[in-house]
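Visitor: Be aware that the sequence shown starts at 846, since it is given in this note's numbering, and climbs by one per residue.
I'd like to ask you about the structure that follows.
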Amino acid sequence: MKENLHPEYKEVQVRCACGNTFTAGSTKDEISVEICSKCHPFFTGQAKTMEKGGRIERFNKKFKRD
Ligand SMILES: [Zn+2]
Numbered sequence: 846m847k848e849n850l851h852p853e854y855k856e857v858q859v860r861c862a863c864g865n866t867f868t869a870g871s872t873k874d875e876i877s878v879e880i881c882s883k884c885h886p887f888f889t890g891q892a893k894t895m896e897k898g899g900r901i902e903r904f905n906k907k908f909k910r911d
């Protein structure tokens, strides 16, 4: 009883505007976001020039070649 007073950190479903869904830790029951890890590279390419390398760097390289 009175669970709402102390919401627990739990796994919830996150729905992104791009249609992708994934789970994340939150105290909420449901989360909707505009940017997720799936569509993130597109946004960083426009807003920020360089995020931490790795996945995004590889992503950009692939696009330059095409
Ligand atoms: Zn997304």
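Think of the CB as a built atom: it goes at the ideal place given N, C-alpha and C, for glycine as much as any other residue.
Could you check the C-alpha separation between His885 and Gly870 for me, to the nearest Å?
Guide: Your numbering for residue 885 matches position 40 in the sequence shown. Your numbering for residue 870 matches position 25 in the sequence shown. The straight-line gap from Cα to Cα measures roughly 19 Å.
Visitor: Compare the beta carbon distance of Ile876 and Gln858 with 9 Å and say whether it is the shorter of the two.
Guide: Within the sequence shown, the letter at position 31 stands for residue 876. Within the sequence shown, the letter at position 13 stands for residue 858. It is a contact, given that the beta carbons lie within the stated cut-off.
Visitor: How many Å lie between Lys855 and Thr872 at the Cα?
Guide: Translated into the one-based positions of the sequence shown, residue 855 becomes position 10. Translated into the one-based positions of the sequence shown, residue 872 becomes position 27. Distance between the alpha carbons of Lys855 and Thr872: 6 Å.
Visitor: Any heavy atom of ligand 1 closer than 8 Å to the Cβ of Ile880?
Guide: For the purposes of this step, residue 880 is taken as the residue at position 35 of the sequence shown. Answer for Ile880: yes, Cβ within range of ligand 1.
Visitor: Tell me which same chain residues have a C-beta within less than 8 Å of the C-beta of Val878, skipping the five on either side of it?
Guide: For this step, residue 878 is matched to residue 33 along the sequence shown. Val859, Arg860, Cys861, Ala862.
Visitor: Report the rounded CA-to-CA distance for Ser882 versus Thr868, giving the unit in angstroms.
Guide: Along the sequence shown, read from residue 1 onward, the residue named residue 882 stands at position 37. Along the sequence shown, read from residue 1 onward, the residue named residue 868 stands at position 23. Taking the straight line from one Cα to the other gives about 12 Å.
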